[in-house]
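> Taking the working numbering, the leading residue of the sequence shown gets 14, the next gets one more, and so forth.
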Amino acid sequence: MKTTFTVAPEDEGLRLDQVVPKHVPGLSRRKARAVIDTGGVFVDRSRVKVAGRLVKAGQSIEVNVGGAIERTHVEPLAPRLVHLDDHVIVVDKPAGLVTAPTPESDRGDLLDQLQRTHGEVYLVHRIDLPTSGLLVFARTRAANKLLGDAFVKHDIDREYRAVAAGHVEAQTIDRPIADRRAVTHLEPLQKLADATLLAVRLETGRTHQIRIHLAGLGHPILGDHQHGGERARTFLPRPPRLALHAAVLGFTHPATNERVRFTSELPPELSTWLAQLG
Numbered sequence: 014m015k016t017t018f019t020v021a022p023e024d025e026g027l028r029l030d031q032v033v034p035k036h037v038p039g040l041s042r043r044k045a046r047a048v049i050d051t052g053g054v055f056v057d058r059s060r061v062k063v064a065g066r067l068v069k070a071g072q073s074i075e076v077n078v079g080g081a082i083e084r085t086h087v088e089p090l091a092p093r094l095v096h097l098d099d100h101v102i103v104v105d106k107p108a109g110l111v112t113a114p115t116p117e118s119d120r121g122d123l124l125d126q127l128q129r130t131h132g133e134v135y136l137v138h139r140i141d142l143p144t145s146g147l148l149v150f151a152r153t154r155a156a157n158k159l160l161g162d163a164f165v166k167h168d169i170d171r172e173y174r175a176v177a178a179g180h181v182e183a184q185t186i187d188r189p190i191a192d193r194r195a196v197t198h199l200e201p202l203q204k205l206a207d208a209t210l211l212a213v214r215l216e217t218g219r220t221h222q223i224r225i226h227l228a229g230l231g232h233p234i235l236g237d238h239q240h241g242g243e244r245a246r247t248f249l250p251r252p253p254r255l256a257l258h259a260a261v262l263g264f265t266h267p268a269t270n271e272r273v274r275f276t277s278e279l280p281p282e283l284s285t286w287l288a289q290l291g
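#1: Leaving out five residues before and five after K204 in sequence, what residues of the same chain have Cβ atoms less than 7 angstroms from its Cβ?
#2: Can the beta-carbon of L227 be found closer than 8 angstroms to that of A212?
#3: If I'm right that K106 touches T112 with Cβ under 8 angstroms, what's the distance once you round it to whole angstroms?
#4: Mind checking G132: buried by the 16 CB within 10 Å criterion, or exposed?
#5: Counting only the same chain and skipping the five closest in sequence on each side, list residues whose C-beta sits under 6 angstroms from that of K8.
#6: Residues in its own chain within less than 6 angstroms of T209 by CB, not counting five upstream and five downstream?
#7: How long is the line joining the alpha carbons of R193 and D24, rounded to whole angstroms?
#8: Please give me, in chain order, every unbroken run of the alpha helix (DSSP H) with length at least 4 that falls completely inside the segment 169-205.
#9: The beta strand (DSSP E) with G291 in it runs from where to where?
#10: According to the Cβ coordinates, are P252 and G236 closer than 8 angstroms?
#11: What do you reckon, are the CB atoms on H138 and G218 nearer than 8 angstroms?
#12: Which residues does DSSP pair with F55 in a beta bridge?
#13: Would you mind stating whether Y173 and A151 have Cβ atoms separated by less than 8 angstroms?
#14: Where does H167 fall in DSSP's three states?
#15: Can you tell me where the alpha helix (DSSP H) holding I223 begins and where it ends?
#16: To the nearest angstrom, report how far apart L124 and V54 are at their CA atoms.
#17: Are the Cβ atoms of G146 and A288 separated by less than 8 angstroms?
Given below as structure tokens:
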């Protein structure tokens, strides 16, 4: 939930943790300090993490309250390191771990963990919070630019495993998302009881592309409560989480210029559930 307000003249000189609860319903001063500490408050578009900072009349304040507060009270999920060299890091992200800072928080996400461990690390691309699988990060500015250019040119091999409701045939979906071209290639790997295990290859990379395209076909990804509709919500046996995993990642190495390819098997919570479906 995002709340934006302007500091009134009568509130000038108050601490940030005093003025925030006045404008966010149900937010105590204690919880306001937690939101500030996790990075969920912006003053004039700049993130501020000092609860005692004094505000001035006319300043614009944005407060983002959400799941980030709850996630700070549990041990951060750790990724599996797949490849590490002086130029790139490839990791296998678990479901439930945020890839990079959000308006709610700049702490405990995957990028933050890697920077704390390996120093200079740059975000190249993201996968959704409930999705697991492979991601590449750059360790130098030069590598970041080359990898970023490769994503823009769609010169990246990305293949996912998805379990969709119903029986899905091999096909290519070429349907824009937010007025931008989006192309997804589907190949069935296994027909299950009223579901299909798919190899999904991305030609483009729009936000939630696979989830939106499959839902648009009437075959939502199981466990997708945002784009799935009732069919995905009521499927039994219930999936442990979103049944989507980034299984293949290939790219031209920014230093060696060699084509590299990494793979990741379905994590145990999905493979066990998939065996029940079969």
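Note that the Cβ used here is the ideal one computed from N, Cα and C, for glycine as well.
Walking through what the data contain:
#1: H180
#2: no
#3: 7 angstroms
#4: exposed
#5: Because the chain is modelled from 14 through 291, residue 8 falls outside the range shown and cannot be assessed.
#6: A177, H180, V181, P201
#7: If you take the alpha carbons of R193 and D24, they lie about 44 angstroms apart.
#8: none
#9: Counting along the chain, G291 falls outside any beta strand (DSSP E), and DSSP gives it neither H nor E.
#10: yes
#11: yes
#12: R60, E75
#13: no
#14: coil
#15: 222-230
#16: 20 angstroms
#17: no
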